[in-house]
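Comments concern the structure below.
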Amino acid sequence: MKIISHRGASGYAPENTLKAFKLAVEMGSRDFEFDVHQTRDGVLVVHHDFSLKETSGRDLKIAGLEYSELKKVNVAAYFKADTAFQRVPRLEEVIDIIGPGSRWLNFEVKNDNNLYPGIEEKLLAFLRSKPGLFEKAMVSSFDYGTLKRFRELSPELKLAYLGHNLRAVLLLPAIKKAKAIGAVNFHMALRIAFGLNVSRLRKAGFRVCVYTVNTKKDALRMKAIGVDGIFTNYPDIMGSWVLKG
Ligand code: G3P
Ligand code: CA
Numbered sequence: 000m001k002i003i004s005h006r007g008a009s010g011y012a013p014e015n016t017l018k019a020f021k022l023a024v025e026m027g028s029r030d031f032e033f034d035v036h037q038t039r040d041g042v043l044v045v046h047h048d049f050s051l052k053e054t055s056g057r058d059l060k061i062a063g064l065e066y067s068e069l070k071k072v073n074v075a076a077y078f079k080a081d082t083a084f085q086r087v088p089r090l091e092e093v094i095d096i097i098g099p100g101s102r103w104l105n106f107e108v109k110n111d112n113n114l115y116p117g118i119e120e121k122l123l124a125f126l127r128s129k130p131g132l133f134e135k136a137m138v139s140s141f142d143y144g145t146l147k148r149f150r151e152l153s154p155e156l157k158l159a160y161l162g163h164n165l166r167a168v169l170l171l172p173a174i175k176k177a178k179a180i181g182a183v184n185f186h187m188a189l190r191i192a193f194g195l196n197v198s199r200l201r202k203a204g205f206r207v208c209v210y211t212v213n214t215k216k217d218a219l220r221m222k223a224i225g226v227d228g229i230f231t232n233y234p235d236i237m238g239s240w241v242l243k244g
């Protein structure tokens with residue numbers, strides 16, 4: 000089972016910052032997940048929300064800022080254990096840190112209602128600009144239109160369907176949608192990750208990854224029901240728990 004650093008080692012350092020990614024690499028992570036947005040001047044950046052409110056306390060929208068403005072904001076302001084200044088990193092800086100030793104990179108593209116027109120072309124060009132990066136990349140999004148556009152632009156790109164508020168009853172329609180775009184992975188929330196759902200998805204041909212798994216009990220349950228990967232904020236201890244059982 001893959002142990003995927005979720006937003007870097009975000010249990011120990013401010014999420015989606017260079018500090019969190021460097022720490023995850025030091026902890027030995029080789030599989031990573033992070034969230035991709037685009038600034039007003041077209042720079043791909045890594046942050047969870049569309050706004051900076053939850054990380055900086057300032058309700059600024061990434062879509063409304065140039066990168067020169069965005070980089071001045073401290074997005075570690077609410078990380079109690081370490082509020083020292085951290086900026087929103089450019090995607091390229093993140094890949095420079097985690098890329099070389101990585102096996103698998105999950106670019107989660109936040110693009111609800113196509114807020115960032117052209118982000119698909121831009122990300123594809125970036126993936127093709129560095130040797131070996133396209134092959135390691137897995138693109139996911141909660142926005143189905145975004146996944147469809149990626150598929151239209153690239154028949155080869157590996158896609159993951161991300162179920163949003165996915166109740167068990169909605170699993171079959173979701174499988175149909177995931178197949179329609181040729182997704183190879185299905186990423187789902189821990190609260191609906193039960194044996195029956197996971198085995199249905201695996202029988203349908205998907206690899207299943209579950210977010211966010213931060214306790215030993217949940218990690219061992221995921222392993223027992225045959226999940227292919229878990230997203231975790233604690234990649235160091237999660238790895239040893241799962242290995243030791
Ligand atoms: O990509 C898995 C997971 O990160 C999706 O949810 O809200 O943490 O981006 P969220
Ligand atoms: Ca995410």
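For the sequence shown, the positions run 0 to 244 when numbering that gives the first Met the number 0 is used. Built from N, CA and C at the ideal position, the CB exists for glycine as well.
Quick check: the Cα distance between residue i and residue j, rounded to an integer number of angstroms?
{"i": "A80", "j": "R29", "result": "25 Å"}
{"i": "K21", "j": "N113", "result": "31 Å"}
{"i": "L195", "j": "M237", "result": "24 Å"}
{"i": "G178", "j": "L104", "result": "The displayed chain sequence assigns Lys, not Gly, to residue 178. Straight-line Cα distance between these residues: approximately 21 Å."}
{"i": "F185", "j": "K243", "result": "26 Å"}
{"i": "F78", "j": "F31", "result": "20 Å"}
{"i": "K202", "j": "I174", "result": "11 Å"}
{"i": "S239", "j": "M187", "result": "23 Å"}
{"i": "L123", "j": "P130", "result": "13 Å"}
{"i": "A223", "j": "D111", "result": "34 Å"}
{"i": "K176", "j": "A83", "result": "43 Å"}
{"i": "K52", "j": "A76", "result": "10 Å"}
{"i": "V45", "j": "V168", "result": "33 Å"}
Looking only at C-alpha atoms, which of the options sits nearest to residue i?
{"i": "G98", "options": "L69, K135, E155 and S67", "result": "K135"}
{"i": "S50", "options": "F106, K60 and V44", "result": "K60"}
{"i": "L64", "options": "V226, Q37 and A75", "result": "Q37"}
{"i": "L152", "options": "S140, V93, F141 and K121", "result": "K121"}
{"i": "D227", "options": "K215, Y233, D235 and Y210", "result": "Y210"}
{"i": "R57", "options": "K71, V45 and V44", "result": "K71"}
{"i": "M137", "options": "A192, V42, L161 and D235", "result": "L161"}
Which of the three DSSP states, helix, strand or coil, is assigned to residue i?
{"i": "M137", "result": "strand"}
{"i": "F33", "result": "strand"}
{"i": "F84", "result": "coil"}
{"i": "Y115", "result": "coil"}
{"i": "R206", "result": "strand"}
{"i": "S50", "result": "strand"}
{"i": "A245", "result": "One cannot answer for residue 245 here, as it falls past the ends of the chain, which runs 0 to 244."}
{"i": "E151", "result": "helix"}
{"i": "G24", "result": "The amino acid at residue 24 is misidentified as Gly; the sequence shows Val. Three-state DSSP puts V24 in a helix."}
{"i": "L64", "result": "coil"}
Taking the beta strand (DSSP E) that residue i belongs to, which residues open and close that run?
{"i": "T231", "result": "G228 to T231"}
{"i": "K157", "result": "K157 to L161"}
{"i": "K178", "result": "Looking at the DSSP string, K178 is not in any beta strand (DSSP E); the run it does join, the alpha helix (DSSP H), is L170 to A179."}
{"i": "S4", "result": "K1 to H5"}
At what residues does the alpha helix (DSSP H) containing residue i begin and finish?
{"i": "N196", "result": "G194 to K202"}
{"i": "M221", "result": "K215 to A223"}
{"i": "V183", "result": "Per DSSP, V183 belongs to no alpha helix (DSSP H) and is neither H nor E."}
Given a threshold of 16 other Cβ atoms within 10 Å of its Cβ, counted over all protein chains shown, does residue i qualify as buried or as exposed?
{"i": "L171", "result": "exposed"}
{"i": "D40", "result": "exposed"}
{"i": "K216", "result": "exposed"}
{"i": "E68", "result": "exposed"}
{"i": "S9", "result": "buried"}
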